[in-house]
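Accompanying notes for the structure given below.
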Amino acid sequence: MPSLTQAATRREAIRRYCQECAGDDLRSCDAVSCVLWRYRKGREVAAPGQRLTRGQAIRKRCVECMAGQRRLVAECPSEGCHLWPYRS
Ligand code: SF4
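In terms of the working numbering, the sequence shown opens at residue 215 and continues consecutively.
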């Protein structure tokens, strides 16, 4: 189970976020269309679609989470989310 303490890096934040979504066996996650998929295990792996930096991928995931409302990402109240410190 991932720790709820703040991840020190974007890399770790994505890994923890993905563990909460898919469990500890991130290798078997088949959600290739997820913007975080290429970074789910820490190191980047090849994936279809546009290549983004980790920061861009987090931002895009947050916009998706807020149903496309970009301005709401900055106001996100979910401080317990692993991506929260890196959402903008
Ligand atoms: S930080 Fe907020 S907007 Fe971003 S994924 Fe987490 S809950 Fe959603």
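Quick reminder that beta carbons are idealized off the backbone N, C-alpha and C, glycines included. In this text, all values refer to a predicted model and were calculated from it rather than measured experimentally.
In this structure, residue 269 lies near residue 224, with their beta-carbon atoms less than 8 Å apart.
Going by DSSP, residue 233 is part of the alpha helix (DSSP H) stretching over 224-236.
The set of residues whose C-beta lies within less than 6 Å of a heavy atom of the ligand SF4 reads, in chain order, 275, 276, 279, 280, 287, 290, 292, 295, 297, 298, 301. Counted as a single uninterrupted DSSP element, the alpha helix (DSSP H) harbouring residue 286 occupies residues 284-287.
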